[in-house]
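To start, the structure under review is shown below, and the notes come after it.
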Amino acid sequence: MTGPYCRPLQTVFRTGIAGLVVLGLAGSAGAEGVIAPPAEGEILAPQPPAATTDDPAAVGVPSAAQPMAQGPASVADLAEGLLDAVVNISTSQTVEGAGRGIPRLEAPEGSPLQDFFDDLLKDGDNSARKVESLGSGFVIDPSGIVITNNHVIADADEITVNFADGSKLDAEIVGIDAKTDIAVLKVQPAAPLKAVRLGDSEKLRIGDWVMAIGNPFGLGGTVTVGIVSARGRNINAGPYDSFIQTDAAINRGNSGGPLFDMNGDVVGINTAIISPTGGSIGIGFSIPSVLAANVVAQLREFGETRRGWLGIRLQEVTDEIADGLGLPAAKGALVMGIVPGGPSDNGRLKVGDVITSFDGREIATSRDLPRIVAETPVGKEVEVDLLRKEATTSDPTAEVKVTVTLGRLEDGEKLMTETDPATPAEEADEADVETLGLKLSDIDDEARTKYSFAAELSGVVITAVNPSSSAAEKGIEAGTVIKEVAQETMAKATDVGKKITELRTAGRKNALLLLASATGDLRFVVVPLD
Numbered sequence: 007m008t009g010p011y012c013r014p015l016q017t018v019f020r021t022g023i024a025g026l027v028v029l030g031l032a033g034s035a036g037a038e039g040v041i042a043p044p045a046e047g048e049i050l051a052p053q054p055p056a057a058t059t060d061d062p063a064a065v066g067v068p069s070a071a072q073p074m075a076q077g078p079a080s081v082a083d084l085a086e087g088l089l090d091a092v093v094n095i096s097t098s099q100t101v102e103g104a105g106r107g108i109p110r111l112e113a114p115e116g117s118p119l120q121d122f123f124d125d126l127l128k129d130g131d132n133s134a135r136k137v138e139s140l141g142s143g144f145v146i147d148p149s150g151i152v153i154t155n156n157h158v159i160a161d162a163d164e165i166t167v168n169f170a171d172g173s174k175l176d177a178e179i180v181g182i183d184a185k186t187d188i189a190v191l192k193v194q195p196a197a198p199l200k201a202v203r204l205g206d207s208e209k210l211r212i213g214d215w216v217m218a219i220g221n222p223f224g225l226g227g228t229v230t231v232g233i234v235s236a237r238g239r240n241i242n243a244g245p246y247d248s249f250i251q252t253d254a255a256i257n258r259g260n261s262g263g264p265l266f267d268m269n270g271d272v273v274g275i276n277t278a279i280i281s282p283t284g285g286s287i288g289i290g291f292s293i294p295s296v297l298a299a300n301v302v303a304q305l306r307e308f309g310e311t312r313r314g315w316l317g318i319r320l321q322e323v324t325d326e327i328a329d330g331l332g333l334p335a336a337k338g339a340l341v342m343g344i345v346p347g348g349p350s351d352n353g354r355l356k357v358g359d360v361i362t363s364f365d366g367r368e369i370a371t372s373r374d375l376p377r378i379v380a381e382t383p384v385g386k387e388v389e390v391d392l393l394r395k396e397a398t399t400s401d402p403t404a405e406v407k408v409t410v411t412l413g414r415l416e417d418g419e420k421l422m423t424e425t426d427p428a429t430p431a432e433e434a435d436e437a438d439v440e441t442l443g444l445k446l447s448d449i450d451d452e453a454r455t456k457y458s459f460a461a462e463l464s465g466v467v468i469t470a471v472n473p474s475s476s477a478a479e480k481g482i483e484a485g486t487v488i489k490e491v492a493q494e495t496m497a498k499a500t501d502v503g504k505k506i507t508e509l510r511t512a513g514r515k516n517a518l519l520l521l522a523s524a525t526g527d528l529r530f531v532v533v534p535l536d
């Protein structure tokens, strides 16, 4: 369980709340900034004279009927039918050794004051205390299934669900998913509970009205209304970021609460805000219901998630990379590595492939693919559309279709943490080349030791970078390995020099480099040839 925390200006806040501070405002008539009421019969300010004519055309006489501005329709009826399904989540955690932060008082050796000091602070730093936190949630099954955020109940010793009628029930955890910040709880009600249903967040449009209900700052049953400000937001909260942004007021304590559409369906789970103060400034984020529905179903069935896994490493396709690869547009997900032993380790996918469609769903950016793959059932055979460099064709790229049977992500994460056995590498001939502001050398034993290269890493090592070069501006550093130039494998430093010369002779303005870190992680970088 984590309490509220603050970050610098323009920080993303999780919207849970630990503790509650109530600020009262009071003042007298003489207080600064407070205007005293007028005495009886006293006119506070000069009043305009009454009209002395009934002529509607006279100057200063308003027309008989004044049009009134109309606000949005009331959501009172909608809110009334939903309030009972929204709950407050309170948690407590026993923290050992938590005290008041007072340092131990030391008296001179032999002084009788030491016993007094020890008694004074015996309930301080050396005693345990309970930390409490508040959040929101909602019932999706009358039998007692409650949804909230994982960060609301994380590390809690006790979880209590508080209902709108004042009743309370202890809750147990059915399952949690840290990647999407979703938790499923179970309570045992004496009678069926009021429940709401998960809707289809894909139908939301920017500008649609939405309503949030929750427990901001401990004020339960709070209703706020706004619109969908944006969709598909990435706030770097997790690997599957695709948040709904809304200007409906969301504050600390709203975490885990529902975001409703105007049909009363839950289209989002409120989870974070951007704020310089910790309070709402109209930029709140909700987990889309389409993403949440799949996670909730798995947690209810298995108590854990079972996500699809493709077993590849990705990089974003930038405009420069698209130009270097000869792509028609900067779209898709660029394959930068194949995990050994993973589902794609069958020769069908290759480094440099650009995935444009997965299981019939378009892949616009590299962020889309992991989420779509994770939502696909484990063991399903899927068709992957991609663009691949084909040396035997006149076109820069060719459309290719491959099939891959998905593995399970949770198994893949365990596989990727294992260390692959090292294999001896052939000793390379020494050669030094300077080009593009880079000093290059073949990889030898000295370089492997100096840069801690993986034993199987091959290519050409960069031993120095001119700080005023374009390569330095691209973030290339000494110790990086060049594996390919213009999608041709580089075995020796002289190979790089020859290829750069060839590109310049052909009138090329940029060189597409495939670089590897000391551990073998790959990335594409486009370096100008000027």
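In this note's numbering, the protein residues as written are 7 to 536.
All residues carry an ideal CB built from backbone N, CA and C; glycine is no exception.
Taking C-beta separations shorter than 7 angstroms and ignoring five residues to either side along the sequence, the partners of Val531 in its chain run Lys480, Ile482, Leu519 and Leu521, following chain order.
Secondary structure remark: continuous beta strand (DSSP E) runs of at least 3 residues inside the stretch 282-360, in chain order: 290-294, 318-322 and 339-344. Around the Cβ of Lys209, a 10 Å sphere holds fewer than 16 other Cβ atoms; the residue is exposed. Boundaries of the beta strand (DSSP E) harbouring Pro534: Leu528 to Pro534, taken from the DSSP string. Between Leu320 and Gly413, the C-beta spacing is not below 9 angstroms. When rounded, the separation of the alpha-carbon atoms in Leu535 and Val467 is 19 angstroms. Distance from the Cα of Gln99 is smallest, within the candidate group Ile159, Gln493 and Arg313, for Ile159. DSSP assignment within the stretch 247-280 yields the following whole beta strand (DSSP E) runs of 3 residues or more, N-terminal first: 249-252 and 264-266. With a 10 Å radius around the Cβ and a threshold of 16 neighbouring Cβ atoms, Arg203 comes out exposed. Contact between Val145 and Ala82 is absent: CB atoms are separated by about 21 angstroms, not below the 8 angstroms threshold.
One Cα belongs to Phe308, the other to Lys420, and the distance between them is close to 19 angstroms. If you look at Gly238, you'll find it in the beta strand (DSSP E) that goes Thr228 to Arg239. The three-state secondary structure of Phe144, taken from DSSP, is strand. If you look at Lys407, you'll find it isn't in any alpha helix (DSSP H); it sits in the beta strand (DSSP E) that goes Ala404 to Thr411. With 16 or more neighbouring CB atoms inside 10 Å of its own CB, Pro222 falls in the buried class. For Val390, no alpha helix (DSSP H) encloses it; the enclosing beta strand (DSSP E) starts and ends at Glu387 to Arg394. With distances taken between CA atoms, Asp451 lies nearest to Leu463 out of Leu463, Glu440 and Leu444. The three-state reading of DSSP puts Ser207 in helix, counting H, G and I together.
Distances from the CA of Val487 to each of Ala461, Ala517 and Gly526 were compared; the closest alpha carbon is that of Gly526. A Cβ-Cβ separation of about 4 angstroms places Val190 in contact with Leu305 under the 8 angstroms criterion. The C-alpha of Pro294 lies about 19 angstroms from the C-alpha of Pro383. The C-alpha of Lys395 lies about 34 angstroms from the C-alpha of Ala243.
Each residue's CA atom was taken as its position, placing Val388 and Ile369 some 14 angstroms apart.
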